[in-house]
Each structure stands twice: as C-alpha cells, then as structure tokens.
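Protein chains in written order, with our numbering: chain A, 30 to 309; chain B, 21 to 318. From the three backbone atoms N, C-alpha and C, an ideal C-beta is built for every residue, glycine too. Right, one structure below, let's go through it.
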C-alpha cells in the first residue's frame, strides 16, 4: 500500500492542475474561516456570522461540513484529470508495461481518493475546531466532541464522490468529457427526482423517498442534511410562524451510509473490471 | 539455454478482424530477435499481449519459464511500445523516478542511464519540451533502468530524422554487445539485419517464419558474372545444373543458384570454354529480398 500511495502521490505532486486546485481548495477553506470574523455594519445592523451561533459546538460540525461539501468539486477535478490524463498521455499503458498490475493501478488510484478524503476531512475538522474554539459559547470537551458523526458523513460523502470521479475518468478517458459525464449524471439524477416526485403525487407512491437513498449522488447529499433551520435565529422564526407540516430531521440515516459505501465499492470494482477488459 | 519468453498459440481478434493468428515462438536468452512484418501485420498486438496491455482472445504466454507472475515478470524486462509515453509536465528525472518506484528498484541508476542516451544536460527539463528523438532516447533510458533481462523495442526509430535513427541504432548495438536479449519489432529491414540473430516474420497476423536470420530462405543466393562476350557466357551458363534463372543487368548477368558453387571452378570451366570473365562474385540475398520473397509466397 505504501508503494502504491508513493507512486500515486508522485504523479499528484508533479501535476500542475492538481497543485493549483488543491491550493484553491485550501484558500477557500481559509476564506470561509475568516468570513466568521467579518463584522457587517449596515443600516444600524451590526453583526457577524458568529453572532448567529453557527460557530457554537456542536452545531459547527454540522454547519461547516455542510457548507464546505460543495468544495469537493475542486478535488474531484484533480482526480478526474489525474485519471483521464493517464489515458490521453498513454502513461497508463506504460505503467502496466513497467510492471504495475491492473489491480495495483486501480488500488493506487483508490488509495489516493481515500487519502484525499481523509485529508479534506482533517482540514475541515481542524478549521472548524479552531473557529469553534475562538467563537463558541461552549468550551467543554464533552460538548466540543459531541455530534462528530457529521465528520464521518463528510468523509463518506467525499469518498463516494471521488470514487465516482475515478470511475468516470476510467470510463470516459478524456478529462473534459469525464467531468461532463459527472455533470450529466448529476442532472440525470435531478430529473429522475423530479419525475419521481410527480409520480408520487399522482399515484401516492413513495418512489422519491427510495431514490433519495438509492442513487449515488442523492445518497451522498442526503448524508448531511441542511443545518440552516437548526440555526437559532431561523428556527425560532419558523417556530413563531408555526407552519404546519414542516418537520425537519437532521440525523444521518444508516441507509445512506450503507448506500454510499456500496456505491464506493461498486465504482472501484467497475473501474477495475473496465480496465481489465479493455485493450490499451 | 534459458527460455525468456514462450508464446503458445496466441490469438487476437478485434471483432471480425483477426490481428494475430495462432502464433507460437520461443525467445532464448542472449539472442537478438527481430519481428518483421509490414504495417498492420500484428507486431504491436503480439507485443501488447505479452506485455499485459492487450487481452489475448485465446492462447497463452509464459515469461521466464513461468517462475513469476506476469506483472512481476514485467519488472524484469524493459519495453517501449510505439511511441514514448511519459508525464508531460514532469522532468526526465521525475519521470524516471516514477518508473523506479513502479519497478520497485532504487533510483541510483538514473544518471548512468541518462548518460548512456546522452540526455544528462537536459535532465531537469519537462518532458513536453523534448524533441521526438530525445523522447525516444528517454524511453530507452527508462527501459534500461532495471538492467533488464530482455529489452523489447517496438519501432524505436519511427519518425526520427537520420541522426536520430543513427543514434538509436548505435545505442541498440551497444546494448546488444553487452549480451542483453533484445526483441526488436520493425519494418525497417536494414535495421534488423544489422543487429538481429533470429527473426520472426509476420504477415496479416500469421507467422511465416521463425528461426535464424541466415536460414530464412533455403536458397543459395546468386552470382553476378560478366564477360566481354555475353552471348557465349549466357549459352555456357544455361548448360549448368546449378544455374537457375538468368537476369541480364547492365553490369552483368545475375544467376540464381540451385546449389552451392565453387567460384574457382566456374572461372576455370568458363576459361576452358573460351570465355574470359571480367566479373564474378557471389551475392548473398539481402534480408529485404528474402522478406519480400517470403511475404509474397503465401
């Protein structure tokens, strides 16, 4: 495993696009952290994000994982281009000729995805911890380290997305098209969701509820549910208005965890099966 | 003698097209093999299959008498296929370091091999800035990193200018002189003729011949003979049992031979028949002639 990671990080280190995108990723995370410190003075309104209580433990784990989730697209581009460029530069072929087996090749890519998922989780963890320590109203260790499950969900969501991108890169072979494939798939799921909702309303079925767990990107985004309605200001507003039928759940569901784990495994297996079958 | 590679009834079909048709041959240690064949004869596909990048439809192959798994065997060989494949933004050194990591060897030979192919001065430049000749030389350096037991080269001089071709050929000859087994696929016959001891000839995926270069065609070459009185000479030759077809060229008559001949004997007999020869030499059939003849027969 160490050798395979070493090989993969050698490729990662000397690729310009991966360097740039990783720096962008880090920069945005830092900027988001700093945004907590900005005080907005507008028409007598004086406040900052920290006043909303979003940096309070343990809410911060939920808020930060939810709002930095979309950043995974940057790392995903790195994975897609690293994978697809192996095809366009024909280095994949050369790697195999040099003595890497097809299994090792997919494994090394998977290890990279795994490591990047762990690293991003770690970065978000550290950033949130620092922000929380600065702004949180509660500083007891038992509160700080409660509800850490969101970080686990964050990690799984990243892992399944990276595996999906890896598969797209292997399947489509050209990085631009592979990114297109990811986007098209995302739209495809969205359309499917819409249709399912329509059908559900017409025939009183529950297709949408299932799709939400079964489709990979659905399950991925369903892992961490929106935390906005949990923020004090907003949740109290909602309570005041007292809209009927609004019921917010924030818990991670085991079915989603199971679903993304199965999808991750499937993507890796399919990548391997594709590579094994193909003549290069 | 140790067998390095044994190919057994290897077969590859792309849809309805048969690229390689039940090929079998063996590669022994210490020889220099040439795979000859026109474009599209299945050379690269055959090499692709034994290098684990093309899946055979049927048949099998064994490296090093089956003592290691295929991808471990590949760590002991050096191969370049068609054109040099490296990471464009990495330098020569960085690319070779990666190859070392894949082959699981220490990187201390990088400088030595770069010196062999004369790339030391450009070792820190990115691969994408290299000329084609330099890329091809880097590929050879990369294939040599592990001091391979066999070096596989597929069209190593394709697309190079005359200097580039000369450089590559010199490098190959240097390597062959060290006793490394080489498998060279090419359609450039003088290239093969200069370095190879054995050849495998392919045409349309079928193997036409496999064996030593000089036994490729079972004929005896030809003689070129000339005299002032050509007519008499022609007449004289027709009566001889060894003489096959006689072709008249500007610089003499070329006679294909049915058997080995003694040139002194011919000279003597001609003189006794009143013909004074002004030219007489034996002409070995060039690999090109043999190749064309062989590929036309079938």
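- Against chain A, a Cβ distance below 8 angstroms from residue 110/B picks out 43.
- Looking at the backbone, the Cα of residue 303/B and that of residue 59/B are separated by about 28 angstroms.
- Looking at the DSSP output, residue 47/B shares a beta bridge with 25/B.
- Chain A has no Cβ within less than 8 angstroms of the Cβ of residue 70/B.
- A direct Cα-Cα distance of roughly 5 angstroms separates residue 171/B from residue 98/B.
- Using a C-beta cut-off of 8 angstroms, the stretch 158–172 of chain B makes no contact with the stretch 132–142 of chain A, since fewer than three inter-stretch Cβ pairs fall below that distance.
- Under the Cβ criterion of 8 angstroms, residue 120/A is counted among the residues facing chain B.
- Nearest in C-alpha terms to residue 80/A, of all of 164/A, 191/A, 307/A and 236/A, is 164/A.
- For residue 128/A, a Cβ of chain B is located within less than 8 angstroms of the residue's own Cβ.
- Within chain A, the residues 305, 306, 307 and 308 have their CB atoms less than 9 angstroms from the CB of residue 75/B, given in chain order.
- Contact annotation: residue 66/B and residue 30/B have beta-carbon atoms nearer than 8 angstroms.
- The stretch 185–193 of chain A makes contact with the stretch 97–104 of chain A: 3 or more CB pairs, one atom from each, lie closer than 8 angstroms.
- Here residue 151/A is exposed, its C-beta having fewer than 16 other C-beta atoms within 10 Å.
- The beta carbon of residue 142/A is closer than 7 angstroms to those of 108, 188, 191, 192 and 195 in its chain, skipping five residues each way along the sequence.
- If you keep only unbroken alpha helix (DSSP H) runs of at least 4 residues inside the stretch 208–263 of chain B, you get 209–215 and 250–258.
- Neighbours of residue 175/B across chain A, judged by C-beta separation under 7 angstroms, do not exist; the nearest C-beta is about 15 angstroms away.
- For residue 32/B, the closest of 64/B, 25/B and 76/B by C-alpha to C-alpha distance is 76/B.
- As the crow flies, the alpha-carbon of residue 155/B is around 6 angstroms from that of residue 104/B.
- The C-beta separation of residue 33/A from residue 140/A comes to about 6 angstroms, placing the pair in contact by the 8 angstroms criterion.
- Among the residues of chain B, those whose CB is under 9 angstroms from the CB of residue 32/A are 121, 122 and 124, following chain order.
- In this structure, residue 249/A keeps its C-beta atom at 8 angstroms or more from the C-beta atom of residue 294/A.
- Only buried fits residue 301/A, as 16 or more other CB atoms lie within 10 angstroms of its CB.
- Taking residue 157/B as the centre and dropping the five residues before and after it, the same chain places the C-beta of 137, 138, 139, 187, 188 and 191 closer than 8 angstroms to its C-beta, in chain order.
- Counting of Cβ neighbours within 10 angstroms places residue 72/B among the buried residues, the total reaching 16 or more.
- Within a 10 Å sphere around the beta-carbon of residue 203/B sit 16 or more other beta-carbons, which makes this residue buried.
- Contiguous alpha helix (DSSP H) elements confined to the stretch 94–161 of chain A occur at 101–117 and 120–126, taking only those with 4 or more residues.
- Per DSSP, residue 298/A lies in no beta strand (DSSP E) segment; the continuous alpha helix (DSSP H) that holds it begins and ends at 283–306.
- When only Cα atoms are considered, residue 54/B and residue 110/B end up about 33 angstroms apart.
- Collapsing the DSSP output to three states places residue 301/B in a strand.
- Nearest CB-CB separation between residue 108/A and chain B: not below the 8 angstroms threshold.
- With contact defined as three or more Cβ pairs closer than 8 angstroms, the stretch 41–50 of chain B and the stretch 198–218 of chain B are in contact.
- Relative to residue 287/A, the option among 160/A, 116/A, 304/A and 182/A whose CA is nearest is 182/A.
- Comparing C-alpha distances from residue 202/A to each of 113/A, 90/A, 122/A and 52/A shows the shortest one belongs to 113/A.
- Pairwise C-beta distances place the stretch 139–154 of chain B in contact with the stretch 178–185 of chain B, as three or more of them are shorter than 8 angstroms.
- Out of 41/B, 21/B, 130/B and 296/B, the CA that lies nearest to the CA of residue 61/B is found in 41/B.
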